[in-house]
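Protein chains in written order, with this note's numbering: chain A, 695 to 1322; chain B, 695 to 1322.
Have a look at this one:
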């Protein structure tokens, strides 16, 4: 594993009080190897590593490796036009507060001219520096490398992770990182390390592994676990995320576990910052409660946080304003002692890693939402021992992530290489020396800018949805009453919490108030919530609404939850569409629901259900595959 | 799965006689699903796919997906300076023949000036074409996509594979492709699809899966299979690759299988073109024999061929010349009816796919040796059904390969996009319109150029090794003899076949002729071949030799083979080092062996063995993990 001294990390602003001595009094992480899968225990180091110690003999001619010659790579450079970090406008870390950015900026976007906010990045074929953590060139980035990752990039990520993201890791030596090809790959490797495959016809039920998830969860995670025979164990959640206590909460599930149903779960999966699909952000207090339970029952916490930097401090205030509620007091999300020194980062709720005394937290990070999904680049943060096990999985599978993306991102953040400037100078003097590399300051500024963009979109969507949340209805005037005018009734059609983070809005539709709820269909069936929900989804895709919303059924952790609650929810993403479409669709969704409440003929509803039929059949196939 | 019509493939030169009618009379591939693993059978399509049918409604506002906005990707372009396909000089397809390239070129390299042989490649942020198979831009390449791969690249690879590489696939509809993040990933996915995990303490021995490999094989493949409990079953090989018949040959192993040792193998792994480590190229005739046996015993053939285009027709002739043997007759490697129309491709020995009547061949390809290992990009070619199973593994793991490399390679081969030219024009008029894209013609020319470079290196190394293969020794003059001069004896120290393909030279060292072979060590032990082999490896890393060679032990498919034969071999790579080092090291290796033969003191040998000690201990750990 690559080890660096902290002087390599010139942008670090970490509190210097954590000296080596202070680290030595910290406890070591616990030995959690009893959770390893059979395959993990059987994995050995790569046999080619036997020769590594000879590679460093000065002047050695290495005929042992099986490498092609870097001279024959067709690319002489890799280059890009890349955004300056200032391209997008941030929102305040403390809305209404006195930080540098005024509260008004929460809703005002400074228009930017892309062409003026770009610079040219060049990765040269060869960089001369002998320091592998600074050497960004194609001869190394496009050659075979170790599964731990490209040294310049992995050294940067490691220090950013240790010093900026999680400066409070409580165990001795701190956390390590292992690169992945994105967080889907990361979770796949975590499952490989921590679960055995279980087959109903072949294995004892008491050996069946189990995965704790929120009752509404990211379906891909379930799709990864289910073919391995892993049992999905839903844990109740409220508006603030997974519930530690109460009926169906984490403690309840673990304390009352029935061994006849499978092994008590030792793995928990959650999206803890901008939860997918519910948008909840787990507070530090909630984290402490959940962690205590996991520690008591020896559960490993897998924290999958692609949206971590998308926390929206304005949501609570804007929600209150729009609903004429009293404005809430500002509460700092991070009250832990050590800070990164970057106000944006320090304003965010901290990861479980920062309270991980035992070393039982495995965090998944990705560049998918901070740069682009097409990177297929991410990393796991955990104890050095767990990271080593993840890297062994990479050695026999993905190897390291693509050198194309590793080199481009390393150069973009850490650049420029003197060789890159020289290579580019010879072609285009105009742009030479315009690129100084983002450095950590620029990287953090980029993230803050993206947060600003997505926070404004979130606020826009919520404001527009609020406008159509109620059905106003004038009852028919009653003769002989005091007035000719009927009473205006106000029916709440849907409800939502303004997202505190992430990319999604989780809308609960009150189908029980729909005129056809409980009506009798043409075949004598009773129209229920699930039927109305399916009908609405299809109805919304019709003109003039033309909006596709994700049905809550898809995120339900079991068929029971889908049947009990899932049908009443829709997930709306405020990230993917253009600004204009985002606004239009927010209005179209609201109008669509209003219009759906005017569907009063059973035949019209049944036509929609018929159209939904195909969808339902496909859905059944997915749901039955859950089998829990 | 992406389906294309052949008009998309403008460079195709395929024999047009394969009409649809001709395809319809071909047999369908066999159903091989009885070989699928439990996990493979349990995998379902991604649940998010349920919504795909709504995505295409015109004007639909998609709030259902969970995508970030492409506007917020920091990269406005991706660019590169890339080689023109003509940069490297090919060697003749038929040495001594009358093809366009003269035989003399087999050993003459035309020096090239890199700067004059480069052009500028630009991938724009947005390309306007609605044809997804032609749309190469960052808005799509860096966005989430389907695990089957980036449409422009996968459509290109698919047609190149079907029409140029394997035009003779005998089953109806032909082969499909599934992208991987390189062939290590490819084989990992193949193991996932075709083997259950087996644990000695838990599972019945009769359920143990097995993998047929050559007695000398690529160690990473074994490292991938072993932790899953897969039994490694070595098959004898000769100079021409895996042996179909004879003791220990494929038929023998399968016909005399003992079920008490595990399940009869249904999976075979081999590097069939430029075998790693032995450099053998399986002839079409040998392939037919092996295939017949696999068909009889229902074995799936995994053909891992990173070196496929590195076949060296000059090796046989140059070998004969250097040894004063009669020159061999030229024999065409590919006598199958359908051709690609590209003489270089048609001169190569064809893949097993071209005789795969049953659909039991799974071929692994990679860009690691044709572009660069850092691509982490490759593909599986197999029946559509098997490819679908591979793609399902990708869906819950790697997803698709990195968009950075997919876009760059697509643009480099298929480009340019009009939008790319426009974007680049605005910055650097000088280089505008210099890039026309390699197209298939350029891609094939690039491969032929690389083959030329590596073939020349191979010939150089072999020639230099020949010079030191013999020890010439003048015996002490014997008094009273007819002459004052002793007899000159010629001892062959090492032997090798000139590589017919790949990147490796497989040298057999005749340790049994070493002066200390059979001598008694200081602790009464007898000095044997394995001891001399270890000592030589270490000796060669000392000054002035300074050469590192891979010991044959590392490639031995079992501890028995390592003990019986492995120690007598070394693998030398003629690809990785510079031209100059390649020559120097070839001489240094020869001189080193010569010098090693002059080690006559047991103490000197034992000092080398002591130095090898650490290595041996590490090796033991790897070998015991094989446990078969």
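Every residue, glycine too, gets a C-beta built ideally from N, C-alpha and C.
All of these numbers come straight from a predicted model, not from anything done at the bench.
- For the pair residue 746/B and residue 840/B, the Cα-to-Cα distance works out to about 11 Å.
- The three-state reading of DSSP puts residue 851/B in helix, counting H, G and I together.
- Distance from the CA of residue 1243/A to the CA of residue 1228/A, rounded to the nearest whole angstrom, comes to 11 Å.
- Burial state of residue 787/B is buried, judged by a 10 Å Cβ sphere holding 16 or more other Cβ atoms.
- Assigned with DSSP and collapsed to three states, residue 985/A falls in helix.
- Look at the segment 946-1027 of chain B and you find these whole runs of alpha helix (DSSP H), each 4 residues long or longer: 978-990, 1008-1016.
- Contact residues of the segment 1243-1272 of chain A toward chain B are 1243, 1244, 1248, 1265, 1266, 1267, 1268, 1269, 1270, 1271, 1272 (C-beta to C-beta distance below 8 Å).
- Within the segment 1231-1243 of chain A, those residues whose Cβ lies closer than 7 Å to any Cβ of chain B are, in chain order, 1235, 1240, 1241, 1242, 1243.
- Contacts with chain B at 8 Å (Cβ-Cβ) include residue 732/A.
- Separation of residue 895/B and residue 902/B (C-alpha to C-alpha, rounded to the nearest whole angstrom) is 12 Å.
- The Cβ-Cβ distance between residue 1054/A and residue 726/A falls below 8 Å.
- Excluding residues up to 5 positions away in sequence, 938, 944, 945, 948 lie with their Cβ nearer than 7 Å to the Cβ of residue 987/B in the same chain.
- Taking a Cβ-Cβ cut-off of 8 Å, the neighbours of residue 1069/B in chain A comprise 836, 1096, 1097, 1098, given in sequence order.
- Three or more beta-carbon pairs separated by less than 8 Å link the segment 875-892 of chain A to the segment 1087-1098 of chain B, which places the two stretches in contact.
- It is roughly 41 Å from the alpha-carbon of residue 857/B to the alpha-carbon of residue 755/A.
- Excluding residues up to 5 positions away in sequence, 841, 842, 872 lie with their Cβ nearer than 6 Å to the Cβ of residue 1085/B in the same chain.
- Using a 10 angstroms sphere on the CB of residue 719/B, the tally of other CB atoms stays under 16, which defines it as exposed.
- Counting along the chain, residue 1137/A sits inside the alpha helix (DSSP H) bounded by residues 1133-1161.
- Taking residue 1246/B as reference, the option from 1230/B, 1236/B, 1239/B, 1237/B with the minimal CA-CA separation is 1230/B.
- Ranked by how close their Cα comes to the Cα of residue 737/A, the residues 1087/A, 1025/A, 1189/A, 929/A have 1087/A in first place.
- Boundaries around residue 1185/B are those of the beta strand (DSSP E), 1182-1186, since no alpha helix (DSSP H) includes it.
- With the rule of 3 Cβ pairs closer than 8 Å, the segment 1190-1197 of chain B does not count as touching the segment 1216-1225 of chain B.
- The distance from the Cβ of residue 768/B to that of residue 1269/A is about 16 Å, inconsistent with a contact at the 8 Å cut-off.
- For residue 1228/B, the enclosing alpha helix (DSSP H) covers residues 1223-1234.
- Closer than 8 Å at the C-beta level to chain A, one finds no residue of the segment 990-1021 of chain B.
- At a cut-off of 8 Å between C-beta atoms, residue 921/B counts as an interface residue with respect to chain A.
- DSSP places residue 870/B in the strand class (E or B) of the three-state scheme.
- Interface annotation for the segment 1209-1229 of chain B against chain A: empty, criterion Cβ-Cβ distance under 9 Å.
- For residue 884/B, the enclosing alpha helix (DSSP H) stretches over residues 877-888.
- For the segment 765-777 of chain A, the set of positions with a beta-carbon nearer than 9 Å to some beta-carbon of chain B reads 765, 766, 767, 768, 769, 770, 771, 772, 773, 774, 775, 776, 777 in chain order.
- Each residue's CA atom was taken as its position, placing residue 1016/B and residue 1163/B some 12 Å apart.
- Taking residue 1188/B as the centre and dropping the five residues before and after it, the same chain places the C-beta of 1159, 1163, 1201, 1202, 1203, 1204, 1287 closer than 8 Å to its C-beta, in chain order.
- Apart from the 5 residues on each side of it in sequence, residue 833/B sits with its Cβ closer than 7 Å to the Cβ of 764, 819, 820 in its chain, given in chain order.
- Per DSSP, residue 734/B is not a residue of any beta strand (DSSP E); the alpha helix (DSSP H) it occupies stretches across 732-736.
- Legend: CB atoms of the segment 1062-1087 of chain A lying less than 8 Å from CB atoms of chain B belong to residues 1062, 1063, 1065, 1066, 1067, 1068, 1069, 1070, 1071.
- By the rule that beta-carbons nearer than 8 Å mark a contact, residue 1144/B touches chain A.
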